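Student:
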Amino acid sequence: MTTQDSGKGDDKAVAVASRAVRMPVKRRLTLVAAAVVLVLLPAIVMVLITWAGTGEVQGAATWASIPAIVGIAAAMSGGRRYAVIVAIVMGFLAPLAIVAGMSPVSGAALMAILCMTVGRLSRVGLQKSGLLVPVMLSWALIDPPAWDGATTVNRLDNGYLLWMALIFFVGGLIPALLVSYLQRKRKPVTLAPHSRSEAMTYTVMITTLVTVATFYVLDNPKMIGGAFLIAVIMVMAPIGTAQTLKPTVFRVLGTILGSVFIILLVSQVHALGLVYLIGLAFLVISVFARLSGLAWVYYVFMVPATACLNSTTLTEVGELGKQRVVDNVVGGILVILATALAIGYSQWTSRRGEATDDDDEVAAVAATA
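To convert, count from 1 in the sequence shown and add 9; that's this note's numbering.
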């Protein structure tokens, strides 16, 4: 990335943040309410479907909210066709991820393939929504939900795998169609494609870090919140080198404050249902803060929100909070080190005189989109 390109990117980021701050409170509240409904609706639908199909309320059905986040992001960035494809892919990959998680080698290999796909999507500017696919699938890969009240998961049970495929497919499809319908009168989002050299560096970075992290987490099964580490790497890894250190520091500090919040929460709350309600309230606060340009508030409240909503016992709430601190610190350090290496490589190639990577690939894809 050239200095000129970096400057333009920074200006755009500042402009977007300014618009978020100027957004009326009523509109921000409306968007928060819509996001919460779109995330919860697939879970409610799948709870009813699994209850009708099995005769019992299946807690695993609430995992439909996980692909719902992917469906929302895909529809907002790439439109209906792209979002539907993503939902179909999530449905097929969910059972594959559950089975692959039985071995650290197979799990790491699957995540490597997904990371390389995300790197390829960066050529046309779809990596921000694409990266959510491996992030969300990492939960099914590392710690899939139990079924029929069992204490352990049978990753090879065909019935269970079919239900999880349906949960992830419907979870991604419902918000994809609804968001596309709500945005039918808006102009398509202008994507920001990246050069071949930027995409290559980004792909190598996320593939290497995520593959090693996945292998380590699966090889240490006591890390129930190991998906946090993968999420940190995927979300924080930049294309280029602009503004990497500052958001990383903010995220680490926010994580520490949020984890202290969790410790206080666990000491005062003794009902798991109340923990879920508190997690939902924290989620609303974090999304509102994000729309308001208050990144530090977002980081503080998103930590307890994810810990509460991803827990099945009160003990797990505190344990997930502790792991989130370690994962964010480790992930942030890894991303900073990898970015430093990318900077050094970029400077080295510049001194040698790097060949132009202009081609018609991005233009051809954009023309057919």
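Quick reminder that beta carbons are idealized off the backbone N, C-alpha and C, glycines included. For clarity, every value in this text was computed on a predicted model and none was experimentally measured.
#1: Are the CB atoms of G100 and G181 within a distance shorter than 9 Å?
#2: Is M311 near F297, with beta carbons less than 9 Å apart?
#3: Of the residues E207, T210 and M111, which one's Cα is nearest the Cα of P153?
#4: Nearest to I151 by alpha carbon, out of P202, L303, G263 and T220?
#5: Could you check where the alpha helix (DSSP H) with P143 kicks off and where it finishes?
#6: In this structure, does DSSP put S138 in helix, strand or coil?
#7: So W148 packs on I81, CB below 8 Å; how close in whole Å?
#8: For my contact list, A83 and A92 are in at a C-beta cut-off of 8 Å; report their separation, rounded to the angstrom.
#9: Is it right to say R193 is buried, meaning 16 or more other beta carbons lie within 10 angstroms of its own, or is it exposed?
#10: With distances taken Cα to Cα, identify the nearest neighbour of L141 among L303, T199, L123 and V226.
#11: Report the rounded CA-to-CA distance for Y307 versus A314, giving the unit in angstroms.
#12: Do you know how far the Cα of P113 is from the Cα of Y225?
#13: Thinking C-beta only, is M145 closer than 9 Å to T223?
#14: Can you tell me the Cβ-Cβ gap for L47 and V188, rounded? I've got them flagged as a contact below 8 Å.
#15: Just the Cα atoms here: how many angstroms apart are A155 and V54?
#16: Using the Cα positions of G87 and L165, report the straight-line distance between them to the nearest angstrom.
#17: Am I right that D336 and L274 are in contact with their C-beta atoms under 8 Å? What's the rounded C-beta distance?
#18: Can you list, in chain order, the residues of its chain with a C-beta nearer than 6 Å to that of N163? Leave out the 5 residues immediately preceding and following it.
#19: With a threshold of 8 Å on Cβ separation, who are the neighbours of T212 within its own chain once the five nearest residues in sequence on each side are excluded?
#20: For the alpha helix (DSSP H) that R36 lies in, which residues bound it at each end?
#21: Can you list, in chain order, the residues of its chain whose CB lies under 7 Å from that of M32, leaving out five sequence neighbours each side?
#22: In three-state DSSP terms, what is G341?
#23: Hey, out of K137, T217, V244 and L175, whose CA is closest to W72's CA?
#24: Secondary structure at M111, three-state DSSP: helix, strand or coil?
#25: Between the Cα of P143 and those of L218, A159, R205 and R89, spot the shortest distance and give me the residue it belongs to.
#26: Report the rounded CA-to-CA distance for V278 versus V66, giving the unit in angstroms.
#27: Taking the Cβ atom as the reference point for each residue, do R89 and A159 lie within a distance shorter than 9 Å?
#28: Under 9 Å, do P230 and T348 count as touching if we go by C-beta distance?
#29: For P104, does the count of other Cβ atoms within 10 angstroms reach 16, so buried, or fall short, so exposed?
#30: Taking the continuous alpha helix (DSSP H) assigned at R299, which residues delimit it?
#31: What separation, rounded to the nearest whole angstrom, lies between the Cα atoms of V2 and V339?
#32: Let's test the definition: count the other Cβ atoms within 10 Å of the Cβ of V30 and tell me whether it reaches 16, buried, or not, exposed.
#33: Would you mind working out which of G302, A304, F270 and G68 sits nearest D157, comparing C-alpha positions?
Tutor: Well, looking at it:
#1: Yes, the pair counts as a contact, with Cβ atoms nearer than the cut-off.
#2: Not in contact: M311 and F297 (Cβ atoms no closer than 9 Å).
#3: The shortest C-alpha to C-alpha distance from P153 to any of E207, T210 and M111 is the one to M111.
#4: Comparing Cα positions, the closest option is T220.
#5: Looking at the DSSP string, the run of the alpha helix (DSSP H) that includes P143 is L141 to I151.
#6: Reduced to three states, the DSSP call for S138 is helix.
#7: Between I81 and W148 the Cβ distance is about 17 Å, and since that is not below 8 Å, they are no contact.
#8: About 4 Å; that satisfies the 8 Å criterion.
#9: R193 should be labelled exposed.
#10: When only C-alpha atoms are compared, the closest one is L123.
#11: Within the model, the alpha-carbon separation for Y307 versus A314 is close to 10 Å.
#12: So the alpha carbons of these two residues sit roughly 7 Å apart.
#13: No, the pair does not count as a contact, with Cβ atoms beyond the cut-off.
#14: The beta-carbon distance between L47 and V188, rounded to whole angstroms, is 7 Å. This is short enough to meet the 8 Å contact definition.
#15: A155 and V54 have their C-alpha atoms roughly 19 Å apart.
#16: Approximately 34 Å between the Cα atoms of the pair.
#17: That belief does not hold up - the Cβ atoms of D336 and L274 are roughly 19 Å apart, past 8 Å.
#18: The beta carbon of N163 sits closer than 6 Å to no other beta carbon from its chain once the five residues preceding and following it are set aside.
#19: Answer for T212: C124, M125, V127, G128, R129 and S131, listed in chain order.
#20: That run of the alpha helix (DSSP H) goes V34 to T63.
#21: Only residues of its own chain outside the window of five on either side were considered, and among them L300 have a CB closer than 7 Å to the CB of M32, listed in chain order.
#22: Helix at G341.
#23: It is L175 whose Cα lies nearest to the Cα of W72.
#24: M111: coil per DSSP, three-state reduction.
#25: Nearest of L218, A159, R205 and R89 to P143, Cα basis: L218.
#26: Each residue's Cα considered, the two are about 24 Å apart.
#27: Taking 9 Å as the Cβ cut-off, R89 and A159 do not qualify as a contacting pair.
#28: With respect to T348, P230 sits apart: the two C-beta atoms are not nearer than 9 Å.
#29: Result: buried.
#30: L281 to L300 is the extent of the alpha helix (DSSP H) around R299.
#31: What is shown of the chain runs 10 to 378, which leaves residue 2 out entirely.
#32: Reliability fails at V30, whose pLDDT of 48 lies under 50, so the model's placement of it is uncertain and no value is given.
#33: Among G302, A304, F270 and G68, the Cα nearest to that of D157 is on G68.
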